[in-house]
Amino acid sequence: MNFSVLAQNSEWNEKLLLKSTQVYLDQFAIQPLRSTLIGQEFGFSGAYWDYTDGEFHTVQMPEKERNYGFFSYGNREVKGWLIEGYFRYQNQKQDSVGWKQTRNVNETPYYYGNIRRGNWRNEIFNSYINASKFFFGDKLGIGIGVDYSLQTHSRGNDPRPLINYYLIKPKVQVSYRFIENHQIAAGVQILSAKERGSVSNFNQSNDSFGRSEYNIYTMMGGASFNLLRRPNYELFDEGYGISAAYYYTGENLKISNEFNYSLTQKQFNRRGVEGSQRIFEEIGFYDIDIIENKIFVEYQNQSSVIQAVGKLQVSQGTDFNNLLVGNNFQQDDYSYGLDIFYTFKNLNNFNLYSTINHNTHAMRDFNASHAYEIINFNYGIGAQIPLKASKKLTLYPELSINWNQNLDQVVNIIPNQINVVSRSIMIPNIDYFSSEFRQIQATLSARYSLGKFDLNPVIFGNFNNFQPLTTLNSDYFEIRNTQRQTIGFSINFIH
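Numbering (full-length UniProt numbering), first residue to last: 1 to 495.
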């Protein structure tokens, strides 16, 4: 493959909305060299809106959620470099979220939480850029990239957090082509993120700081604190990652194998004022080790395209709690899966696909004497059927069905250690993550040629029907409806 001379390929651009092309863009490579490994120029931009509701959710999830925003994505050549850029703005409204006073209550065992439900307004900006080029007759490849995120989160009723968050992750990857079409690569990445939050109570007659059930928890089922004197918190993320990869880019066969290891440390601090004295408390650290491996294979001939994606991820999180002077919390996640896609070229690129995934999720809180392990098996099938309606108009209807089956659930909670956080959060979470469900996803996408660019309107729906296990660990889901659904649309432009 000649990486030195690249021009926009109109034939490839015509296939941009096909399932096989989307899979290739998403899965062939995720490291910075992907901009050149893609080997094509294109542009894709649009605006979107979606809405989610349904009673089957945990207390820390919104009853209703609305999102709208815009995005742009493309890959272009600039002075011999292939530059891939992406940005997405999201305006988010979440209603009736409880036990949540921080940005994300699932990333770390340390967070502020309040029993009162509240409505959130969030603005999220995510972007990344990758630039890559091959030198010395395409033998040496260099890729550089950076991920960037900027977010603000706020709640509209007491107690009211105002949260600012940013993330930056620079990346470098170098490859060497040792045989025609064969490359090996190595890379490194550095992560730095900071979250700062301040919680206020504007209604002085509101006694939510004085009553025991409104105390603020910083760990799952652990100690409680009065927020009036310690209303501020900081969450710092620092980490690094290393990667190794193999790429084969033949004419009919493409193979990639990407391995990534990352270590991130999160530090949670609380700040406040007591009299004339400033309070600064280092609550604890949370270390997360993640090992990931992804294998992608694509083979095509005159009549078909066959693609397979295999994934493996192992994640282990361990904290050091300064208040308890030692390790208090552990979380382990293990997952692997296989996706297969088959495209019939002679049937207008009709695509059939299937997916299987196995997941294990375990949490242990030693101070609260709470522990559980959940093992699930997920499988599904789907199809995309491109339909040529006219010379300028093509339709892309797609339908998929997924099932989740619980294979095992082990719960170890000492009854006399159960508290308000256990009853409100942890025990209902066990029932939620163990539930079996059927998910139906339907999408209707169209492409209409307007000459210099194409219009791509999309409508979509995601419909979930949950079935909790026969024996529930709590009564949280006994009276709740088992539905959860998302609907939305987007107006996109291919340029």
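Even for Gly, the Cβ is constructed at its ideal location relative to N, Cα and C.
Residue i versus residue j - alpha carbon distance
i, j, result
"Arg-364", "Ser-315", "14 Å"
"Tyr-342", "Tyr-51", "32 Å"
"Ile-290", "Lys-388", "44 Å"
"Val-325", "Ile-288", "19 Å"
"Arg-160", "Val-199", "5 Å"
"Gly-143", "Gly-337", "28 Å"
"Leu-469", "Phe-202", "42 Å"
"Ser-262", "Asp-26", "20 Å"
"Tyr-24", "Ser-434", "32 Å"
"Lys-452", "His-495", "7 Å"
"Glu-213", "Ile-115", "Its pLDDT being 40, under 50, Glu-213 is placed unreliably by the model, and the measurement read from it follows with that caveat. Computed Cα separation, rounded: 7 Å."
"Gly-156", "Ile-459", "31 Å"
"Asn-257", "Gln-307", "14 Å"
"Arg-76", "Asp-138", "18 Å"
"Phe-209", "Val-78", "Here Phe-209 scores only 45 on pLDDT, less than 50, and its place in the model should not be relied on; the value that follows carries that caveat. Distance between the alpha carbons of Phe-209 and Val-78 is about 57 Å."
"Lys-391", "Ser-72", "27 Å"
"Gln-101", "Tyr-233", "10 Å"
"Tyr-334", "Glu-373", "11 Å"
"Asn-481", "Gly-239", "41 Å"
"Leu-16", "Glu-107", "35 Å"
"Pro-415", "Asp-408", "21 Å"
"Asn-322", "Ile-283", "5 Å"
"Tyr-68", "Glu-195", "23 Å"
"Pro-457", "Ala-442", "14 Å"
"His-182", "Gly-272", "57 Å"
"Gln-92", "Glu-55", "19 Å"
"Gly-488", "Leu-235", "33 Å"
"Leu-162", "Pro-231", "11 Å"
"Asn-13", "Thr-249", "19 Å"
"Gly-74", "Arg-484", "33 Å"
"Lys-266", "Ala-245", "28 Å"
Endpoints, the beta strand (DSSP E) within which residue i is located
i, result
"Tyr-165", "160-179"
"Leu-352", "350-365"
"Tyr-111", "Neither: Tyr-111 is in no beta strand (DSSP E) and is coded neither H nor E."
"Gln-267", "253-274"
"Lys-139", "From DSSP, Lys-139 is part of no beta strand (DSSP E); its letter is neither H nor E."
"His-182", "182-200"
Counted within 10 angstroms of its Cβ, other Cβ atoms place residue i as buried (16 or more) or exposed
i, result
"Phe-44", "buried"
"Tyr-112", "buried"
"Tyr-176", "exposed"
"Asn-492", "buried"
"Phe-28", "buried"
"Asn-346", "exposed"
"Val-105", "buried"
"Val-410", "exposed"
"Arg-278", "exposed"
"Gln-94", "buried"
"Val-309", "buried"
"Thr-471", "exposed"
"Ile-356", "exposed"
"Asp-475", "exposed"
"Gln-384", "buried"
"Gln-189", "buried"
Distance CB(residue i)-CB(residue j) smaller than 8 Å
i, j, result
"Ser-96", "Arg-121", "no"
"Asn-269", "Asn-328", "no"
"Ala-193", "Gln-31", "no"
"Asn-351", "Lys-19", "yes"
"Lys-133", "Leu-167", "no"
"Tyr-396", "Ser-449", "no"
"Tyr-286", "Gly-241", "no"
"Asn-293", "Phe-259", "yes"
"Phe-477", "Asp-431", "yes"
"Gly-118", "Ile-129", "no"
"Ala-47", "Ser-490", "yes"
"Gly-380", "Leu-399", "no"
"Gln-417", "His-370", "yes"
"Gly-187", "Thr-36", "no"
"residue 496", "Gln-151", "In the structure as shown, the chain begins at 1 and stops at 495. Residue 496 is therefore absent and cannot be evaluated."
"Thr-58", "Pro-428", "yes"
"Asn-464", "Glu-436", "no"
"Asn-349", "Pro-386", "yes"
"Asn-301", "Asn-359", "no"
"Trp-99", "Ile-479", "no"
Limits of the alpha helix (DSSP H) - the one that residue i falls within
i, result
"Arg-34", "34-38"
"Ile-430", "427-434"
Min CB distance residue i to chain D below 8 Å
i, result
"Tyr-336", "In the structure shown, chain D cannot be found, because there is only a single protein chain."
Closer than 7 Å: residue i CB and nearest the ligand NAP heavy atom
i, result
"Leu-399", "Ligands displayed in this structure: none; no statement on the ligand NAP is therefore possible."
>> Which runs of the alpha helix (DSSP H) at least 4 residues long sit entirely within the stretch 426-482? Give them in chain order.
In response: If we require 4 residues or more, the alpha helix (DSSP H) runs fully inside the stretch 426-482 come out as 427-434.
> For the stretch 25-73, which segments carrying the alpha helix (DSSP H) assignment without a break, of at least 4 residues, lie completely within its bounds, in sequence order?
Replying inline: Segments of the alpha helix (DSSP H) lying fully in the stretch 25-73: 34-38.
>> Threshold first: 3 residues or longer. Then list the beta strand (DSSP E) segments lying entirely within the stretch 283-334, N to C.
In response: 304-321, all fully within the stretch 283-334.
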